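Residue numbers (our numbering), protein chains in the order written: chain A, 1 to 234; chain B, 1001 to 1186. Backbone N, C-alpha and C fix where the C-beta goes; we use that ideal spot for every residue, glycine too. Since the structure is predicted, the reported quantities are computational estimates derived from the model, not experimental observations. Read the structure below first, then the notes.
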Amino acid sequence: MPDTLTYRRPPSGTHPPNDAPGYRSTALRHPKEPLIIIPQTLSEITGPAYPYGRIQTTDNDLTSQHTGEPLGERIIVEGRVLDEDGRPIPDTLVEVWQANAAGRYAHRIDQHAAPLDPNFAGAGRTITDDEGRYRFVTIRPGAYPWRNHDNAWRPAHIHFSLFGTSFLSRLVTQMYFPGDPLFPYDPIFNSIADARARERLIANFDLTVTKPEWALGFTFDIVLRGSKATPMEK
Amino acid sequence: MRGLTPFQTLGPFFDFGLVIPDGGIVAQPSAAGRHMAIEGTVFDGAGAVLPDALIEIWQANAAGRYRHQADEHGAPLDPAFEGFGRVATDDLGRFAFTTVRPGRVKGPEGSLQAPHLAVGVLARGLLTRLVTRIYFEDESSNGEDAVLALVPPARRPTLLAREIGAGRYHFDIVLQGTLETVFFDV
C-alpha cells in the first residue's frame, strides 16, 4: 500500500488575511466568499521544482550584472530553506527582487523621485544546495514612499519567491532588516497577526557572514510548508 | 517544529524579477495531446482590471502524469511538456497560456479527477496567494470530480473555461463581487 503525502495547514495568524483594511489595495481585491477547503490531491502535492532553464552564474550576485558597481551598501544575504520539521529543501529555486539603494525600482511604473542606478537591475535567482542553502550578494535597498496613507513609507525589504517541494509550499514574501524604524507604521508588515511570525521576516545581522572590508552579512532562513507521509485512506 | 515564514504581497514592481520569457508556453508544439490557448482577464470587486497580477498554473500532461516525484502513476512523461506556466497580466488585465488539455489524475478515495489546471494568483493588494482551478465546460467527467462536488452548484461555472473558438478557451478571474471566482483553501 503506497503512502500519500499530506501537508499541514498553516496555523492561524501566521499568514496575513486577504482583507487587511490598513493596506488599502486589499479592499477591492480580497474574496468575500469563504475559501472552500479541498482535499490535498495529486494536483496539490506535486508542483514545479525548477521552472527556469539554466541559472547564470551571476544571477545570485546583483552587484555584478552590469559593467560598473552599483551605488550603495554592499551586503550578503544567505540562509537555508527548510520545512517545518527542519529538513533542508535542496535544489529549489529562490528568486529575489528589490529597489536600489535610493529606494527606486527599475520598473516602468515606479514614480518615486529617486535616481535609478544604471548598474543595478535588482533581480536575482539561485538554486538551493544539498543542505538547502542559498546566498545572494546585493545592495541594501532603500526605504520608499507609497500612497497608502499620509506620509507612508515602506521599510526597506527584499522580495523573495520560492517553490519548495510542491504547489502547496509556494511562498512569496519580503525580507526586512533589523531595527527598521518604519516597522510600527507599515500595514503590510503588520498585517501578520502573530508577532512572532512577523519577526521571522526580519533578517539577522551576522558578523560571521560579514566579509572584512567588503560587505555586511545577514542571514534569513525560510521555512516552507512541510509534508508527512500518512497511510493512504481506503 | 519551526514556524512558517509568513506570506507578504508581491507588490506592484515584480515583473523584472519574476516574468519568464515565454512563461505562457506550457506545452511545446510537439507535446502530445489536444493543444489549446487559455486566455482571460483578472478583475477586482469594482470591475476594474488588474494590470499588476501574476498568474501561475500547474498541470498534468495529456496522459494525466505530473512531472514530479510524488506522481507514481504509470503514465508516461512527455519531454515536450513541463506543466508550469507563469505570466503577468498586461495593461488590460489579460493573461494567456498555450498548453494541452491535461489527462485525468487520481483524486480522493480511488476516484479520478476531471481534467483541470491548478492556478495561483498573486498581485499587489493580495497579501497571500489565491488558489483556484480551471476546469473545462465541455468535459463530460466534471460530474465525477470530488473537488468540484465541494463547490455550491451555483458557483461552479466560475471554475469552467469555455470554448470561444477552435482551441481557444476563456477563463476570467474575478477577485470579488457577484461573479467572484471560487478560491480554495488547500
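With DSSP as the reference, identify every bridge partner of residue i, one or two as the case may be.
i	result
Thr57(A)	Beta-bridge pairing links Thr57(A) to no other residue.
Gly1120(B)	Glu1056(B) and Val1131(B)
Trp97(A)	Ala123(A) and His159(A)
Trp214(A)	None; Trp214(A) has no bridge partner.
Ile139(A)	Arg74(A)
Thr1098(B)	Ile1025(B) and Ala1037(B)
Thr6(A)	Lys228(A)
Phe205(A)	Phe218(A)
Arg1165(B)	Residue identity check: residue 1165(B) is Gly in the sequence provided, not Arg. Partner(s): Arg1168(B).
Pro145(A)	Trp153(A)
Pro88(A)	Leu82(A)
Leu1112(B)	Lys1106(B)
Thr165(A)	Answer by DSSP bridge pairing: none, since Thr165(A) is not bridged.
Phe1007(B)	Partner(s): none; Phe1007(B) has no beta bridge.
CB-CB under 7 Å to residue i, same chain, minus the five flanking residues each way: which ones, in chain order?
i	result
Gly1083(B)	Val1026, Trp1058, Gln1059, Ala1060, Asn1061, Tyr1066 and Arg1067
Pro16(A)	Ser191 and Ile192
Asp85(A)	Gly226
Phe1183(B)	Leu1130, Val1131 and Thr1132
Thr48(A)	In the sequence under discussion, the amino acid at residue 48(A) is Pro, which differs from the Thr named in the question. The residues are Phe163.
Lys234(A)	Here Lys234(A) scores only 36 on pLDDT, less than 50, and its place in the model should not be relied on; the value that follows carries that caveat. Nothing meets the Cβ criterion.
Is the CB-CB distance between residue i and residue j below 7 Å?
i	j	result
Gly79(A)	Trp97(A)	no
Ala193(A)	Gly13(A)	yes
Glu1039(B)	Ala1080(B)	no
Thr126(A)	Val77(A)	no
Gly68(A)	Asn119(A)	yes
Thr46(A)	Phe163(A)	no
Val81(A)	Ile89(A)	yes
Gly1033(B)	Val1100(B)	yes
Met1001(B)	Tyr1169(B)	no
Asp1185(B)	Ile55(A)	no
Pro31(A)	Gln1176(B)	yes
Gly124(A)	Leu62(A)	yes
Asp1022(B)	Ala1088(B)	no
Pro178(A)	Phe220(A)	no
Whole-angstrom Cβ separation of residue i and residue j, contact assumed at under 8 Å?
i	j	result
Asn190(A)	Leu1126(B)	With a Cβ gap of about 17 Å, Asn190(A) and Leu1126(B) do not count as contacting.
Ala1053(B)	Val1042(B)	5 Å
Asp1145(B)	Gly1107(B)	7 Å
Pro141(A)	Ala99(A)	4 Å
Gly1003(B)	Ala197(A)	6 Å
Leu1050(B)	Gly1093(B)	5 Å
Leu28(A)	Asp1044(B)	4 Å
Thr1128(B)	Arg200(A)	Rounded, the Cβ-Cβ distance is 15 Å, inconsistent with contact.
Pro1115(B)	Glu1139(B)	6 Å
Glu44(A)	Ser166(A)	7 Å
Pro184(A)	Asn148(A)	Contact doesn't hold; Cβ gap of about 15 Å is too wide.
Ile1164(B)	Val1121(B)	Between Val1121(B) and Ile1164(B) the Cβ distance is about 21 Å, and since that is not below 8 Å, they are no contact.
Leu5(A)	Val1105(B)	The pair is not a contact, with the Cβ atoms about 14 Å apart (cut-off 8 Å).
Ala215(A)	Val137(A)	7 Å
Leu1010(B)	Val223(A)	Actually they are not in contact, since the Cβ atoms of Leu1010(B) and Val223(A) sit about 19 Å apart, beyond 8 Å.
Could you name the residues of the same chain whose beta carbon sits closer than 6 Å to that of residue i, not counting the 5 residues immediately before and after it, in chain order?
i	result
Pro10(A)	none
Tyr105(A)	Ala99
Arg225(A)	Tyr7, Leu168 and Ser169
Trp153(A)	Ala143, Pro145 and Leu182
Thr58(A)	Ser64 and Gln65
Arg1086(B)	Ile1020, Gly1023 and Glu1056
Ser1111(B)	Ala1146
His1073(B)	Arg1065
For residue i, collect the residues of the same chain with a Cβ closer than 8 Å to its Cβ; drop the 5 residues on either side in sequence, then sort them by chain order.
i	result
Ala1118(B)	Ile1057, Trp1058, Gln1059, Val1131 and Arg1133
Leu1190(B)	Outside the shown range of chain B (1001 to 1186) lies residue 1190(B), about which nothing can therefore be said.
Glu70(A)	For the record, residue 70(A) in the displayed sequence is Pro; it is not Glu. Here the set comprises Leu62, Thr63, Asn100, Ala101, Asp117, Asn119, Phe120 and Ile139.
Phe1148(B)	A quick correction: the sequence has Leu, not Phe, at residue 1148(B). These residues qualify, in order along the chain: Ala1114, Tyr1135, Asn1142, Arg1156 and Leu1159.
At a cut-off of 6 Å, would you count residue i as near the ligand FAD, judging by its Cβ distance to the nearest heavy atom?
i	result
Glu1109(B)	As far as ligands go, the structure on display features none, and thus does not contain the ligand FAD.
Check whether the Cβ of residue i lies closer than 7 Å to any Cβ atom in chain D.
i	result
Pro39(A)	Within the model displayed, chain D is absent; protein chains A and B are what it includes.
Q.
If the cut-off is 8 Å on Cβ atoms, which residues from the segment 42-73 of chain A count as contacting chain B, listed in chain order?
A. Only Leu42, Ser43, Glu44, Ile45, Thr46, Gly47, Pro48, Ala49, Pro51 and Tyr52 from the segment 42-73 of chain A bring a Cβ to less than 8 Å from some Cβ of chain B.
Q | Within 9 Å of chain B by C-beta, residues of the segment 110-137 of chain A in sequence order | A | Taking 9 Å as the Cβ-Cβ cut-off against chain B, the residues of the segment 110-137 of chain A that qualify are Asp110, Ala121, Gly122, Ala123, Gly124 and Arg125.
Q.
What are the residues in the segment 1035-1057 of chain B lying within 7 Å of chain A by C-beta distance?
A. Within the segment 1035-1057 of chain B, the residues whose Cβ lies closer than 7 Å to some Cβ of chain A are Asp1044, Gly1045 and Ala1046, listed in chain order.
Q) Closer than 9 Å, Cβ to any Cβ of chain A: which residues of the segment 1009-1028 of chain B, in chain order? A) Cβ contacts with chain A come from Thr1009, Leu1010, Gly1011, Pro1012, Phe1013, Phe1014, Asp1015, Phe1016, Gly1017, Leu1018, Ile1020 and Gly1023.
Q. What residues from the segment 1078-1092 of chain B come within 9 Å of chain A, judged by C-beta to C-beta, listed N to C?
A. Listed by position along the chain: Glu1082, Gly1083, Phe1084, Gly1085 and Arg1086.
Q) If you measure beta-carbon to beta-carbon, which residues of the segment 1057-1078 of chain B are closer than 7 Å to chain A? A) Under the 7 Å Cβ criterion, the segment 1057-1078 of chain B contributes Trp1058, Tyr1066, His1068, Ala1070, Asp1071 and Glu1072.
Q. When Cβ atoms are compared, which residues of the segment 1133-1162 of chain B fall closer than 9 Å to chain A?
A. Residues passing the 9 Å Cβ filter: Arg1133, Ala1146, Val1147, Leu1150, Val1151, Pro1152 and Arg1155.
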